[in-house]
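See below for the structure under consideration.
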Amino acid sequence: MPAPFHKRVPVMRILIVEDDVRIAEDVSKAVQAAGFVADMVHDGDEAWFIGGTEPYDAVILDLGLPGIDGLTILKRWRSEGHRFPVLILTARSAWQERVDGIDAGADDYLVKPFQIQELIARLRAIVRRAAGHASTAIQVGSLNVDTRMMAVTVNETPVQLSPLEYRLVAYLAHNQDRVITQAELSEHLYAYDGEKDSNAVEVLVGRVRRKLGEGLIETKRGFGYLISNPAT
Ligand code: CA
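Going by our numbering, the sequence shown opens with residue 1077, and the numbers climb by one from there.
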């Protein structure tokens, strides 16, 4: 049996703040194709509110916005103690903006116009750095979750999962040895405007269990679900 190791890579919910709806939608599609859940907002006031109240794992933040500007939002989030990684989007000529953005607590920046693949690579990097290490795999006993390839194996046998099923497994594996309530799961699995129904979570868990094999996802009656690491 290979030595189990303990790695934590967050996947999950990304907030996209961009007033150019076309860019926002392109980014949103790419972010979802990369295995994240994406919420989009197009003005500063809504961005400040939703970023301060919903549990995001990272934010892509355009600086020039109607309402409160991006730099002010970022400063406010940081002064309120929100630590999620932030990737700022800036105009080509605005070097001062980039300096101000980094000073205000941005983790990285990208100059417009950008290649969508570069945005996704930088997003993955800030999410990994926020988790404190540079790996893309989570291993829990016989289960392996490759967060870059969005691939899951059990005893090195690939398991075919839908994007939603993958997110469930990745979240439980990332939070191994912790009981996750249905409420927390639906918060992290479904987008802001999406379905938040505990029955849906139950049905989803049942389906994933059949694919992974019994015993990997445990149920704690009245509390929630967990994947426990046999090595800890
Ligand atoms: Ca803008």
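By construction, the Cβ of each residue, glycine as well, lies at the ideal position given by its N, Cα and C atoms.
Rounded to whole angstroms, what's the CA-CA distance from residue i to residue j? Just pull it up for me.
| i | j | result |
| --- | --- | --- |
| residue 1144 | residue 1133 | 22 Å |
| residue 1092 | residue 1290 | 37 Å |
| residue 1094 | residue 1119 | 7 Å |
| residue 1278 | residue 1258 | 8 Å |
| residue 1158 | residue 1229 | 34 Å |
| residue 1202 | residue 1300 | 30 Å |
| residue 1210 | residue 1111 | At residue 1210, the pLDDT of 49 sits below 50, so the modelled position is not reliable; the number obtained from the coordinates is stated separately. When rounded, the distance between both Cα atoms is 18 Å. |
| residue 1183 | residue 1221 | 25 Å |
| residue 1090 | residue 1297 | 30 Å |
| residue 1101 | residue 1116 | 8 Å |
| residue 1304 | residue 1247 | 13 Å |
| residue 1150 | residue 1141 | 12 Å |
| residue 1192 | residue 1260 | 30 Å |
| residue 1287 | residue 1216 | 16 Å |
| residue 1125 | residue 1135 | 13 Å |
Consult DSSP for residue i and reduce its assignment to one of helix, strand or coil.
| i | result |
| --- | --- |
| residue 1219 | strand |
| residue 1126 | helix |
| residue 1209 | For residue 1209, the pLDDT reaches just 49, beneath the cut-off of 50, and the residue's location in the model is therefore unreliable, although a value from the coordinates is still provided. Coil, per DSSP. |
| residue 1247 | helix |
| residue 1188 | coil |
| residue 1170 | coil |
| residue 1114 | strand |
| residue 1157 | coil |
| residue 1306 | coil |
| residue 1214 | strand |
| residue 1234 | strand |
| residue 1148 | helix |
| residue 1242 | helix |
| residue 1291 | coil |
With a 10 Å radius around its C-beta and 16 neighbouring C-beta atoms as the bar for buried, classify residue i as buried or exposed.
| i | result |
| --- | --- |
| residue 1027 | There is no way to answer for residue 1027, as the model of the chain reaches only from 1077 to 1308. |
| residue 1232 | exposed |
| residue 1243 | buried |
| residue 1275 | exposed |
| residue 1171 | exposed |
| residue 1107 | buried |
| residue 1194 | exposed |
| residue 1238 | exposed |
| residue 1173 | buried |
| residue 1098 | exposed |
| residue 1109 | exposed |
| residue 1308 | exposed |
| residue 1123 | buried |
| residue 1179 | exposed |
| residue 1169 | exposed |
| residue 1223 | buried |
| residue 1121 | exposed |
| residue 1166 | buried |
If you follow the alpha helix (DSSP H) that residue i is part of, which residue opens it and which one closes it?
| i | result |
| --- | --- |
| residue 1195 | 1192 to 1206 |
| residue 1163 | Here residue 1163 belongs to no alpha helix (DSSP H); instead the beta strand (DSSP E) covers 1162 to 1166. |
| residue 1101 | 1097 to 1109 |
Quick check on the DSSP output: the beta strand (DSSP E) that includes residue i runs from which residue to which?
| i | result |
| --- | --- |
| residue 1300 | 1300 to 1302 |
| residue 1089 | 1089 to 1093 |
| residue 1138 | 1134 to 1138 |
| residue 1294 | 1294 to 1296 |
Margin query: As an exercise, report each continuous alpha helix (DSSP H) stretch of at least 4 residues that is fully enclosed by the segment 1250 to 1284, in chain order.
Written below: Here the runs fully enclosed are 1258 to 1265.
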